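Report on the structure given below.
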Amino acid sequence: MSEKPSSVGQKSVSPLQLDFLQTLDSLASKNSREVYVVGGFIRDILLDSLQSNKPDIDFVLEKDAEAFAIHAAKALKGKLRKHPAFLTFKVEAPEAFHLIPEFDIATARTEIYVCPGALPKIKPASIHDDLKRRDFTINSLAIRLGDLVAILQSEGCLDTLLKAKVLNYFNGLEDLESRLIRILHEKSFVDDPTRVFRACRYAARIGGEIESSTLEALKDSISHQSLQSISWFRILSELKKALSEKSPSDVFSLLDRCGILKALPCVAPDKIEDTRSALLRLARPLKKRQSELLFSTALRIFVYYSEEEPEPALFRAASLSKEQRESISQDIRKLRSATSLRGFSEEALLLGEAVEEDPEKRMEFSAALRRKGLLPDETGNVVVDDAN
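Numbering (my numbering), first residue to last: 1323 to 1710.
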């Protein structure tokens, strides 16, 4: 078990974030609205792991979030996107806070899953019921916006003051202290199978563990082929998020140990082990270096072994720009016309192996990758050729 989170200080919240929260609080007061800050922002303050460059701040109101979202978008000079079916409203590109690209304002709601894997039906609810529908207890925390702003402006211990005011209906604080990933009800993975990916992602991110009954429910969900009920696009989206984590190799190790990689429904049965090995292999170099090309290669390998057409599937899943697509295509052409693979980057070699259809050419790529230590040799050992 990893060490418990340490107490945190006001340095966890940047001046920009505090100014942003104060502005929203003033707006809420003027409109006599009670606003809650929910989920990941509270979790990350307590873990002292806020990302000042990518703040994730979500707000919930118990009644009519749309009216408040309209006021917020106007006051901050942002663009409002409405998702009324989900009672959610997104404010994008607020001019007043250009470093905060977007934030969500939602009406507290419950979710009813008509069938496993389907998108839920939504209806308004209390803040208690809204938090009850969350994926894990550590994400079921909330605090009144006014209380949060007052605490951040105070001179006291932020950690202690927050815990005194946080809505902790489902023991999320205790699980956060113990670094445990725990679902809120036994049907959680059945209702939304993508939560199996998130369980591994959060456990790896906080250096924690999946709680025993939650792990049992996860494996039971996998054994009942719950992943078959969701689209390949949603699965690719989860793999993208896993590859974007600070330590993707830890995430993929957990995904593998939980049997999730072997259960991927998009993969042809005779290619499951190849795909599993490819994803695990690609996660390792990503631990040291983030790369758009390497990420796109991982998705290429995945869709290469699926029944989907790889090019459209990759570009849709990765949201690659026209320039990125052209760059990748150029790399493929260079690799296929090359007489020697020495001197090419690891990313280029991985890309070539992923898309090459000729067996002999694929063997050349594999040999080059083994020399670079990115593939094990026949004995299962990784050997690095220093000449590369």
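Note that beta-carbon positions come from the ideal geometry of N, C-alpha and C, so glycine has one too.
All values reported here derive from a predicted model rather than from experimental measurement.
DSSP three-state label for residue i, please.
i       : result
Ser1336 : coil
Lys1562 : helix
Ala1415 : coil
Ser1641 : Low local confidence applies: a pLDDT of 47 at Ser1641 is under 50, so the model's placement there is unreliable, and no value is given.
Gln1382 : It should be noted that the sequence gives Val, not Gln, for residue 1382. Note: Val1382 maps to strand in three-state DSSP.
Ile1434 : strand
Tyr1516 : Checking the displayed sequence, the identity of residue 1516 turns out to be Thr instead of Tyr. If DSSP states are grouped into helix, strand and coil, Thr1516 belongs with coil.
Glu1595 : helix
Ile1552 : coil
Val1471 : helix
Phe1458 : strand
Leu1421 : coil
Ile1532 : strand
Tyr1524 : helix
Leu1489 : strand
Could you tell me the boundaries of the beta strand (DSSP E) in which residue i lies?
i       : result
His1405 : 1401–1405
Glu1424 : 1424–1429
Lys1443 : 1443–1446
Tyr1358 : 1357–1360
Measure the CB-CB distance between residue i and residue j and report whether it falls below 8 Å.
i       : j       : result
Ala1539 : Leu1576 : no
Thr1429 : Asp1386 : yes
Asp1347 : Val1471 : yes
Leu1463 : Leu1489 : yes
Asp1572 : Arg1598 : no
Asp1452 : Val1518 : no
Ile1449 : Phe1390 : no
Ile1557 : Leu1601 : no
Phe1425 : Val1436 : no
Lys1487 : Ile1473 : yes
Arg1527 : Glu1499 : no
From this set, the options, which residue's C-alpha is nearest residue i's C-alpha?
i       : options                            : result
Ile1422 : Asp1380, Leu1489, Ser1599          : Asp1380
Thr1516 : Phe1425, Ile1582, Lys1443          : Ile1582
Lys1509 : Ile1544, Arg1466, Lys1412          : Ile1544
Ala1418 : Lys1396, Gly1362, Phe1363          : Lys1396
Gly1361 : Ile1465, Ser1371, Phe1574, Glu1499 : Ile1465
Ser1354 : His1393, Arg1365, Leu1338          : His1393
Arg1520 : Leu1480, Leu1565, Cys1479          : Leu1565
Lys1410 : Ile1444, Glu1477, Ser1371, Ser1351 : One detail in the question is off: residue 1410 reads as Thr in this sequence, not Lys. That would be Ile1444, whose Cα lies nearest to the Cα of Thr1410.
Glu1496 : His1405, Arg1365, Lys1541, Ala1690 : Arg1365
Residue i to residue j, Cα distance in whole Å?
i       : j       : result
Phe1408 : Arg1456 : 14 Å
Glu1356 : Leu1368 : 23 Å
Tyr1778 : Leu1549 : Because the chain here runs from 1323 to 1710, residue 1778 falls outside it and cannot be looked at.
Arg1504 : Ser1534 : 8 Å
Gln1475 : Gly1468 : 11 Å
Phe1637 : Lys1563 : Since pLDDT at Phe1637 reaches only 43, below the 50 mark, its modelled position is unreliable, and the value read off the structure follows with that caveat. Rounded to the nearest angstrom, the two C-alpha atoms are 15 Å apart.
Gln1339 : Asn1493 : 26 Å
Thr1345 : His1546 : 48 Å
Lys1454 : Tyr1491 : 8 Å
Phe1555 : Asp1370 : 33 Å
In terms of residues, what are the limits of the alpha helix (DSSP H) holding residue i?
i       : result
Val1573 : 1570–1579
Ala1464 : Per DSSP, Ala1464 belongs to no alpha helix (DSSP H); it is in the beta strand (DSSP E), 1464–1466.
Glu1388 : 1387–1398
Leu1498 : 1494–1500
Lys1584 : From DSSP, Lys1584 is part of no alpha helix (DSSP H); its letter is neither H nor E.
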